[in-house]
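J.: First residue of the sequence shown: 38, per my numbering; consecutive thereafter.
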Amino acid sequence: MGNNYGEVLIYDGVYDIKKAVIIRRKNMDAVVRKIIELKEGVYVACQTGSFILDKKSLQIVKRFEARDNLSSKSAFLLNDSILLLGTHATAVKYNIAANKGIDTIIKRITALGVNQAKEIYIGSNDGLYRWDKDSLFYFGKKYKALSYRVNTIFTTADDLLWVGLGSDSLLVLKNNLLVKSIALGDIIPGSVCKSLYSSKPGTIWLGTNKGLNKIEYQLSNDKFSFYNTSFGLADGLIGEQVNDITIHNDTVYAATTGGISYLPANLNLPVADITTFITRVLIQGKDTVVLKEYTLPYDKNNISIYFSGADLTGYYPLFEYRINDGNWLKTDKNNIELSLAPGRHNIQIRGLKRDGTASSQSETISVLLKRPFGKTVYSGPSW
């Protein structure tokens, strides 16, 4: 594992931890981007330099610094002899044995990936590309969703290409065609994809800025369905943002902003209904007694409602609300701010369960705002 200080730590899974300090001076750009195990060494990609370490001694056997650092942004093992390396300006195929780049293409790199046919995919600030010999195929021309910053790419064993965006979406491609766009902030907590990993078809793990997610999916007859289990701070995750994921011996290891968390890969948490409680009501910014119904003058129309949800499994829920049986609106906050027009407003609030589905229980507050004196609603002629 790597950290933000130019250090690599190797843990034997029981007691022993070995540490290699590859960048001695304190540096804000010493973050370890990627660690790749090679046949005869370990490749470590950092912002300020990249290195090959001896597996046993962890001593540096090769240095790539300054202009020679070709993996300041990303690195990926194409096969036993070729590394894909990416910088802010180029992608390079690097021959390990020959110690040189054998092919280069100009593009700012944010992520790298390969499908089972060994087609190379490049993530950039402006979307997803496929590296076709001496040219780039741009997916953003056909799919608007693939024209945004790509943070992470992973191909599952069933040859689905998963693309995690820096915005609020996770995209799935099959045979270079988009088959599913999964929104974040709904069933999947968070707004930014940070990492992806899978060890078997049908399951992929996603790290976001709001936790770890186990996505179990199925693609049948061009119909894609999925079920998500999310893990957050309340479930024991040591940090909220998950920057990297790997699986070893049926154990998931998640690199978070607070450290390394691990859990069984087959872990499934219970899904329970969320009981919602209205905890506070403010009218024109002033606290008032929590009631089921309010009758107010027209100029007391700014209403703040605070709420909470109880889940005995430790899950901290998201919520959704609607007014007068309208569309449900989701929120990751524990309050809503409303500015209401004269009339009656039934405000319904309910929690979302761990799997993203709505709880059966909800709370409702009714607000009647009187119309201004002398103003009526014209309803048409009376004859």
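Beta carbons: idealized from backbone N, C-alpha and C, even for Gly. As the structure is a computational prediction, the values presented were derived from the model and not from experiment.
According to DSSP, is aspartate 195 part of a helix, a strand, or is it coil?
T.: Looking at aspartate 195 - three-state DSSP - the assignment turns out to be coil, as it is neither helix nor strand.
J.: Specify the secondary structure class of arginine 317 as computed by DSSP and reduced to three states.
T.: Of the three classes helix, strand and coil, the one that applies to arginine 317 here is strand, per DSSP.
J.: Once you ignore the five residues that flank isoleucine 315 on each side, which residues in its own chain have a CB closer than 6 Å to its CB?
T.: Val327, Phe344 and Glu400
J.: I need the DSSP call for alanine 126, collapsed to helix, strand or coil.
T.: coil
J.: Which same chain residues, not among the five before or five after proline 301, have their C-beta less than 8 Å away from its C-beta?
T.: Asp287, Thr288 and Val289
J.: Which same chain residues end up closer than 7 Å to proline 418 when comparing Cβ atoms and leaving out the 5 residues on each side of it in sequence?
T.: For proline 418, the pLDDT reaches just 46, beneath the cut-off of 50, and the residue's location in the model is therefore unreliable, although a value from the coordinates is still provided. Correct list: empty, nothing qualifies.
J.: Assuming aspartate 195 and serine 232 form a contact by the criterion Cβ under 8 Å, report the distance between their Cβ atoms to the nearest whole angstrom.
T.: A Cβ-Cβ separation of about 20 Å leaves aspartate 195 out of contact with serine 232 under the 8 Å criterion.
J.: To the nearest angstrom, report how far apart lysine 407 and proline 334 are at their CA atoms.
T.: 5 Å
J.: Helix, strand or coil for aspartate 348 per DSSP?
T.: coil
J.: For glycine 150, count neighbouring Cβ atoms within 10 angstroms of its own Cβ and tell me buried if that reaches 16, exposed if not.
T.: buried
J.: From the DSSP output, read off the bridge partner residues of lysine 211.
T.: According to DSSP, lysine 211 bridges with Leu197 and Leu214.
J.: What first and last residue would you give for the beta strand (DSSP E) that runs through leucine 233?
T.: 230-237
J.: Go ahead and label alanine 148 buried or exposed: buried means 16 or more other beta carbons lie within 10 angstroms of its beta carbon, across all protein chains shown.
T.: buried
J.: Can you tell me which residues form a DSSP beta bridge with alanine 309?
T.: DSSP lists no partner for alanine 309.
J.: Roughly how many angstroms separate the alpha carbons of isoleucine 297 and leucine 243, rounded to a whole number?
T.: Just so you know, the alpha carbons of isoleucine 297 and leucine 243 end up roughly 15 Å apart.
J.: To the nearest angstrom, how far is the alpha carbon of valine 81 from that of asparagine 372?
T.: 45 Å
J.: So what does DSSP say about serine 376, is it helix, strand or coil?
T.: strand
J.: DSSP puts asparagine 383 in a beta bridge; with which residues?
T.: For asparagine 383, which the question treats as bridged, DSSP gives the partners Ser403.
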